[in-house]
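Notes to accompany the following structure.
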Amino acid sequence: VQLQASGGGLVQPGGSLRLSCAVSGSFFSVGVMGWYRQAPGKQRDLVATITSSGSTNYADSVKARFTISRDNAKNTMYLQMNSLKPEDTAVYYCNAFAGWGAQKSFWGQGTQVTVSS
């Protein structure tokens, strides 16, 4: 199972970005998917998660600004990020549980998001 994250870049404060994470490989189903981020010198933190049925969970710091979604037919997850702040600057990683019975956790390679004027 491979996860490919894309969509990062440089954006000014108040701007928007949309991240994508595509899951490929051999699996029967994809379960919970999520976005995490890691700023320099800090631990990797949860940003948002989404179940296969669409239930979502957000970190308090991104509520009302970020929206997580997924397209199960395409095995792809998205993160729409609005009203970006400098403190949102980090490497964003996607995560997914997938497998043929017992699901395992897989990580993407990360995509850099930089919010700066």
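First residue of the sequence shown? That's 6 in the numbering used here, and the numbers climb one at a time after it.
Just so you know, even glycine gets a beta-carbon here, dropped at the ideal spot from N, CA and C.
Contact under 7 Å by Cβ, residue i with residue j
{"i": "Cys99", "j": "Leu22", "result": "no"}
{"i": "Ala103", "j": "Val6", "result": "yes"}
{"i": "Gln17", "j": "Ser122", "result": "yes"}
{"i": "Trp40", "j": "Leu84", "result": "yes"}
Rounded distance between the beta-carbons of residue j and residue i, thought under 8 Å
{"i": "Ala44", "j": "Ala95", "result": "4 Å"}
{"i": "Leu24", "j": "Tyr97", "result": "6 Å"}
Simplified DSSP state of residue i, which is helix, strand or coil
{"i": "Asp65", "result": "coil"}
Closer than 7 Å to chain D by CB, residue i
{"i": "Ala95", "result": "Given the protein chain composition of this structure (a single chain), no chain D is represented."}
Continuous beta strand (DSSP E) stretch holding residue i: start and end
{"i": "Ala53", "result": "Asp50 to Ile55"}
{"i": "Ser74", "result": "Phe71 to Asp76"}
{"i": "Gln108", "result": "Where Gln108 is concerned, there is no enclosing beta strand (DSSP E), given that its DSSP letter is neither H nor E."}
{"i": "Leu24", "result": "Leu22 to Ser29"}
{"i": "Val35", "result": "Ser34 to Gln43"}
{"i": "Gln9", "result": "Gln7 to Ser11"}
Through-space distance from residue j to residue i, alpha-carbon basis
{"i": "Val35", "j": "Arg49", "result": "22 Å"}
{"i": "Ser74", "j": "Ala107", "result": "23 Å"}
{"i": "Gly59", "j": "Ser110", "result": "18 Å"}
{"i": "Met86", "j": "Cys26", "result": "14 Å"}
{"i": "Gly12", "j": "Met82", "result": "12 Å"}
{"i": "Gly14", "j": "Gln117", "result": "6 Å"}
{"i": "Asp76", "j": "Lys47", "result": "31 Å"}
{"i": "Val120", "j": "Lys79", "result": "29 Å"}
{"i": "Ile55", "j": "Lys90", "result": "23 Å"}
{"i": "Glu92", "j": "Arg70", "result": "13 Å"}
{"i": "Ser31", "j": "Trp105", "result": "8 Å"}
{"i": "Ser66", "j": "Thr72", "result": "12 Å"}
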